[in-house]
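Enquirer:
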Amino acid sequence: MSGESKKQRVRTFSRNTALVLAALALWHSASLYQSPVILPGPWSTLRSLADFLRDGSFYRELAASLYRLLCGIGLSTLIGLLFGLLMGVSRTLESLLKPLVYGLQNIPPIIYMTLAMIWFGLNSRATIFIITIVSFPVFAVSIHEGFSEIDHRLIEMAGVFQFPRRKVLGTIILPSLSGYIKSGFIIMLGFSWKLLIMGEVLSAGTGIGAQLTDARMNLQTEKVFSLGIIIMVLCSLSQKTAELLNKPERRKKQRRQNAHQSQ
Amino acid sequence: MLINLNNVRLSYADHEVLGGISLRISRGEKICIIGPSGCGKTSLLNVISGVQKPTSGMAFNNYDRLSYVFQEDRLLPWKTVRENIRIVNPGAEDMEIRNIIRLVGLEGFENHLPSELSGGMRQRTSIARGFFFPAGLLLMDEPLKSLDYCLRMNLVENILQLTGETDRTLLYVTHEIDEALMLADRILVLTRCPAIVSEELQIHTPQTLRDLSDHEMTVNRNRIIRLLKGYHEPPYFQSARQPIPEKGFKHTTVPAPSVRSGYTPHRHHSAHRRSASPS
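Taken in order, these protein sequences are the chains called A and B. The first sequence begins at 62 in our numbering and counts up one residue at a time. The second sequence begins at 7 in our numbering and counts up one residue at a time.
Written out as structure tokens, the structure reads:
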């Protein structure tokens, strides 16, 4: 059984490697026919990637970006959680907040960016602002949808046994919403990375986005490519980390399913 | 007097559910309400608990808090057996929780999640929780509905043990005659909707000495079966070989047999119980 799966794994791995190599070969041959400004080859991209990673100042830029990202995610998590819970808990608040939150979601991020540059000027605050204002409705909507999953018989039970409000929130509502909170957070994380880069390109003098602006000004297309790769890797890494937070829950679910099957 | 209903009627729109029920319940009584399904048993429970206001009549109650055991277990899926019980009475000692878990036979399963238990064990947890909440009145709405006969009788013993430990008032709604016979001091038989109390049966044998195969139980069971069968729709009976004589049953009262008559000391003998089962 395990030998077979190992064989299969080897096969999948070799097939994927072949695919990547083929794509690289295609990229390389295409780059031969184009000037390096339009399409740099894989080698020059790899070289510029190595340059970035070897350069100490790049990590300072990265730290500046991460700081903005964390501020933005922290704020949008707090605001999103608050709005999502308020919409779920009270009918009146739902009718007030729902059009606002769903409406905010439909405004193109570039409009917020323009506003942010006018309001805050060209600095970190503008970037943090757009991460927050674009991401929190995503999170809030996800939490709000989770309320339909709550078992109302449990709420009724809590009423009979006179649970105080805080206990209802902590022992029934939040655990029921946990799946929605986690998936909403992962989606929000992906959004935040993209908004971070856009915000920095347009408004900041530091950070990965500013490096991108430099590369554009100097027509160093291979730098744009390598920064793209760096951002992709960082974004997937952060999402994988967030999924790890999900793991214990999934394991518990698995255990539960097993228990059901054995009955 | 804990609860006093005086000619209580209840209707939803044009549909009359309770058609004039008068009832007095004193503190510490164990009362079973039995009736055909859909006759308004749960509605009566709601009126008694004050959740629902009667359409007319007077409902008076005099208790501080009530506890409830639901038809479904309604346990928190993310909490263990112990946490699910503790949550209704957070100030309780560990000893008390251990004691109640022992009484419902869940020793060794304290740290299991509800999904890791069988339906019967989940319902035991729910019953333990109902008893663990400090309240003078305990309402149970067909708590054993979805369980098989042996398991139900098993849980009835658990409930008896738990009620033996307290002096709280118990109101138990069911459509299973044997559960009522084992648990109740008094059985109220309701008619079909709109429900009225067609008969009150006193059970004289103390709960700890009851045997479903003894004389008092048999007499009472037959009586309840006749009453309930009379409330079903006629087509239900077309297959029955012999029509059940109706007359003479409605308003006569059979003198209660003495405690000793027909009493068998082997109340735990399952063969007795099975042969006594109407099902």
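Backbone N, C-alpha and C fix where the C-beta goes; we use that ideal spot for every residue, glycine too.
How many angstroms separate the CA atom of Val265 (chain B) from the CA atom of Thr211 (chain B)?
Expert: At Val265 (chain B), the pLDDT of 47 sits below 50, so the modelled position is not reliable and the matter cannot be decided from this model.
Enquirer: Identify, in the order they occur along the chain, each residue of the same chain with its Cβ nearer than 6 Å to the Cβ of Pro198 (chain A), setting aside the five sequence neighbours on each side.
Expert: Cβ neighbours of Pro198 (chain A) beyond the five flanking positions: Val162, Leu165, Gln166.
Enquirer: Using the beta-carbon of each residue, which ones in chain A are nearer than 8 Å to Leu115 (chain B)?
Expert: First, the residue type needs correcting, since residue 115 (chain B) is Phe and not Leu in the sequence shown. Ordered by position in chain A, no residue passes the 8 Å Cβ test against Phe115 (chain B), which lies about 12 Å from the chain.
Enquirer: Taking DSSP as the reference, what is the three-state secondary structure of Cys45 (chain B)?
Expert: Looking at Cys45 (chain B) - three-state DSSP - the assignment turns out to be coil, as it is neither helix nor strand.
Enquirer: Taking 6 Å as the limit between beta carbons, can you name the residues of its chain near Ser73 (chain B), skipping five residues before and five after?
Expert: Here the set comprises Gly136, Phe139, Ala141, Leu144.
Enquirer: Would you call Phe224 (chain A) buried or exposed, if buried means 16 or more other Cβ atoms sit within 10 Å of its Cβ?
Expert: Buried is the call here.
Enquirer: To the nearest angstrom, how far is it from the Cα of Val195 (chain A) to the Cα of Pro170 (chain A)?
Expert: Those two C-alpha atoms are separated by around 7 Å.
Enquirer: Please list, in chain order, the chain B residues whose beta carbon lies closer than 8 Å to that of Ile233 (chain A).
Expert: The contacting residues are Leu82.
Enquirer: Quick check on Arg214 (chain A) - is its C-beta less than 7 Å from some C-beta in chain B?
Expert: At least one chain B Cβ lies under 7 Å of Arg214 (chain A).
Enquirer: Taking only beta carbons into account, state which residues of the segment 232-256 of chain A come closer than 8 Å to chain B, listed in chain order.
Expert: Within the segment 232-256 of chain A, the qualifying residues are Thr232, Ile233, Pro236.
Enquirer: Helix, strand or coil for His181 (chain B), going by three-state DSSP, please let me know.
Expert: Residue state, collapsed to three classes: coil.
Enquirer: Candidates B:Lys85, B:Leu119, B:Phe115: which alpha carbon is nearest Ile233 (chain A)'s?
Expert: Ile233 (chain A) has its Cα closest to that of B:Lys85, out of B:Lys85, B:Leu119, B:Phe115.
Enquirer: If you reduce the DSSP assignment to three classes, tell me which class Leu82 (chain A) lands in.
Expert: Note: Leu82 (chain A) maps to helix in three-state DSSP.
Enquirer: Quick one: any contact between the segment 144-160 of chain B and the segment 171-190 of chain B, if contact means 3 or more CB pairs under 8 Å?
Expert: Enough Cβ pairs lie closer than 8 Å, so yes.
Enquirer: By how many angstroms is the C-alpha of Lys235 (chain B) removed from the C-alpha of Ala246 (chain B)?
Expert: Residue placement at Ala246 (chain B) cannot be trusted, given a pLDDT of 46 that sits under 50; what the coordinates show is reported in the next sentence. Each residue's Cα considered, the two are about 11 Å apart.
Enquirer: Is the CB of Phe222 (chain A) under 7 Å away from at least one CB in chain B?
Expert: Chain B contact via Cβ: present.
Enquirer: Entirely within the segment 137-205 of chain B and at least 4 residues each: give me those alpha helix (DSSP H) ranges in chain order.
Expert: Runs of the alpha helix (DSSP H) inside the segment 137-205 of chain B: 155-171, 183-189.
Enquirer: Which same chain residues end up closer than 7 Å to Ile31 (chain B) when comparing Cβ atoms and leaving out the 5 residues on each side of it in sequence?
Expert: Result list for Ile31 (chain B): Leu8, Ile9, Ile37, Thr175, in chain order.
Enquirer: Contact defined as beta carbons within less than 8 Å: I believe Pro199 (chain B) pairs with Gly63 (chain B). What is the distance between those atoms, to the nearest angstrom?
Expert: Rather than Pro, the amino acid found at residue 199 (chain B) in this sequence is Cys. Rounded, the Cβ-Cβ distance is 17 Å, inconsistent with contact.
Enquirer: Taking only three categories from DSSP, how would you classify Phe222 (chain A)?
Expert: If DSSP states are grouped into helix, strand and coil, Phe222 (chain A) belongs with coil.
Enquirer: Taking 7 Å as the cut-off, decide whether the C-beta atoms of Ala187 (chain A) and Ala201 (chain A) are in contact.
Expert: Against a cut-off of 7 Å, the Cβ pair of Ala201 (chain A) and Ala187 (chain A) comes out as no contact.
Enquirer: Would you list the residues sitting across from Lys36 (chain B) in a DSSP beta bridge?
Expert: Bridge partners of Lys36 (chain B): B:Leu176.
Enquirer: With distances taken Cα to Cα, identify the nearest neighbour of Arg88 (chain B) among B:Arg80, B:Glu113, B:Asp70, B:Tyr69.
Expert: Out of B:Arg80, B:Glu113, B:Asp70, B:Tyr69, B:Glu113 has the C-alpha closest to the C-alpha of Arg88 (chain B).
Enquirer: Thinking C-alpha only, which one of B:Pro83, B:Gly26, B:Ile40, B:Asn13 is nearest Arg192 (chain B)?
Expert: Here the closest residue by C-alpha is B:Ile40.
Enquirer: Which class does His118 (chain B) belong to by DSSP, given the choice of helix, strand or coil?
Expert: Reduced to three states, the DSSP call for His118 (chain B) is coil.
Enquirer: List, in order along the chain, the chain A residues whose C-beta lies closer than 7 Å to that of Tyr74 (chain B)?
Expert: By Cβ distance, chain A contributes Val221.
Enquirer: Please compile the residues from chain B whose C-beta is within a distance smaller than 7 Å of the C-beta of Met293 (chain A).
Expert: The contacting residues do not exist; Met293 (chain A) stays about 36 Å from chain B at best.
Enquirer: Where Asp20 (chain B) and Thr61 (chain B) are concerned, what is the direct C-alpha to C-alpha distance, given to the nearest angstrom?
Expert: In a straight line, the C-alpha of Asp20 (chain B) is about 12 Å away from that of Thr61 (chain B).
Enquirer: With three or more beta-carbon pairs closer than 8 Å as the criterion, would you say the segment 282-291 of chain A touches the segment 101-113 of chain A?
Expert: Taking 8 Å as the limit for Cβ pairs, the verdict is that the segment 101-113 of chain A does touch the segment 282-291 of chain A.
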